[in-house]
Amino acid sequence: ACAAKISDQLLNRAAARYASSWPSVEAVEVERSLPQVALEALEEPPRDPCLIRGYEVPFPLASLDDLQSPRYPCPHHPVLMMYSPSGVFSSYPVDREVIQHGDGLRFADGSEERPAHVHRMETFQDAVAHMKEEHPCDIQFSLGQAPTKYFRQGFPEIQRNDMLQKIGLKPTDFSDFSTYCSDRHSLTNFHFDQHPGCLQMCSGRKQVLLVHPRFSNYMRSFVEERRSWITSEIQAV
48 ACAAKISDQL LNRAAARYAS SWPSVEAVEV ERSLPQVALE ALEEPPRDPC LIRGYEVPFP
108 LASLDDLQSP RYPCPHHPVL MMYSPSGVFS SYPVDREVIQ HGDGLRFADG SEERPAHVHR
168 METFQDAVAH MKEEHPCDIQ FSLGQAPTKY FRQGFPEIQR NDMLQKIGLK PTDFSDFSTY
228 CSDRHSLTNF HFDQHPGCLQ MCSGRKQVLL VHPRFSNYMR SFVEERRSWI TSEIQAV
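Start counting the sequence shown at 48; every next residue gets the next number (my numbering).
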C-alpha cells in the first residue's frame, strides 16, 4: 500500500507538472532580502518571514566550547543526536528503529520510506563530546568515514520560559526553545514548522530557502505532512 501511494504521488506530480496549466518552465519571483521588524514592535508572533532587530540569545554560543561554559543554561538535559552517512537529515519519531541495510538505511518495520539518518537520545555530556570529537563515536556507516553529526536540545519549560523572557518575548507565544549544532554541510529537507519561530545564527552560516505556499501540493510528501520529498534547491526547480 505504501509503495502504491508513492507511485500515485509521483505520477500525480508528474502529470501536474507537465499539464498545460503547469508549464515545464515557470517564471518564479526570487527575493534575496526580507523586511526588518524591531523586536519591541512585535505585538504577536510574525506570520510572514522577516528579520527581527534586537533579538539576542542571552548566552554565548559562538563555538562548541560555549556549550561547556557555566553560562550555558541547560547542561543537564538530554540531547537528540542525529548521525547521517550523507550529511542529509530528515525527521521521524524518536522511538522508530532504523537498521543499516545493504543498500542504505531502512526502517525496521519494513516501510518503503528511506530514513536519511539514525538518531538517539544521549546525555548532554556525551553529545557534546561526540560533537567535539573528543570521544570516538560508535556509529559508523563506512570504514574510515565519520558520520555527519547534528545536535538538537529542546529546553525544559522552566529554562525555556526564562530564556524567552530575557530575550523580551512572551513565553505563551512560543512552544519551544532549542539549541541546534551541526557539522559543516549538513542539509535538511524542505519542511514547514507548525508554529511561528525565531532563528538566530550564533556561529557559522545557514542558507534558508523559502518556497511560496502555492507550491505546497508539489512540495509535500504523503509520508509526513509537514516535510517534503525534496531535499535540495536543485530538486525543487
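Where is the CB? At the ideal position from N, CA and C, for every residue including glycine.
From a predicted model like this one, the values you see are computed outputs, not experimental measurements.
- In this structure, DSSP gives tyrosine 102 a state outside helix and strand, which the three-state scheme calls coil.
- Excluding five sequence positions before and after phenylalanine 239, the CB atoms of its chain that fall closer than 6 angstroms to its own CB belong to Arg273, given in chain order.
- Taking the Cβ atoms as the reference, proline 162 lies roughly 6 angstroms from tyrosine 139, within the contact range of under 8 angstroms.
- The closest CA to that of threonine 170, considering only Ser116, Gln254, Pro125 and Pro93, is found on Pro125.
- The secondary-structure analysis by DSSP pairs glutamate 169 across a beta bridge with Val126.
- Rounded to the nearest whole angstrom, the C-alpha separation of aspartate 150 and tyrosine 119 is 41 angstroms.
- Between the alpha carbons of phenylalanine 202 and valine 165 lies a distance of about 22 angstroms.
- Counting the other Cβ atoms within 10 Å of the Cβ of isoleucine 146 gives fewer than 16, which makes it exposed.
- Between the alpha carbons of glutamine 212 and tyrosine 102 lies a gap of roughly 12 angstroms.
- Between tyrosine 197 and serine 233, the C-beta gap is smaller than 8 angstroms, which places the two residues in contact.
- For glutamine 83, the enclosing beta strand (DSSP E) has its first and last residue at 83 to 85.
- Nearest Cα to cysteine 245 within the set Glu159, Asp113, Glu76 and Pro96: Pro96.
- Scanning its chain for C-beta atoms nearer than 6 angstroms, with the 5 sequence neighbours on each side dropped, one finds no residue around glutamate 78.
- Around the beta-carbon of asparagine 236, 16 or more other beta-carbon atoms lie within 10 Å, marking it buried.
- When the beta-carbon positions are compared, serine 250 and serine 158 stay at least 8 angstroms from each other.
- Across the structure, glycine 134 and proline 194 are spaced so that their CA atoms are roughly 8 angstroms apart.
- A Cβ-Cβ contact shorter than 8 angstroms links leucine 98 with leucine 81.
- If you ignore the 5 residues before and after glutamate 76, its C-beta comes within less than 6 angstroms of no other C-beta in its own chain.
- Leucine 257 carries a coil assignment under DSSP once its states are collapsed to helix, strand and coil.
- With respect to the 8 angstroms criterion, phenylalanine 154 and arginine 143 are classified as neighbours on the basis of their beta carbons.
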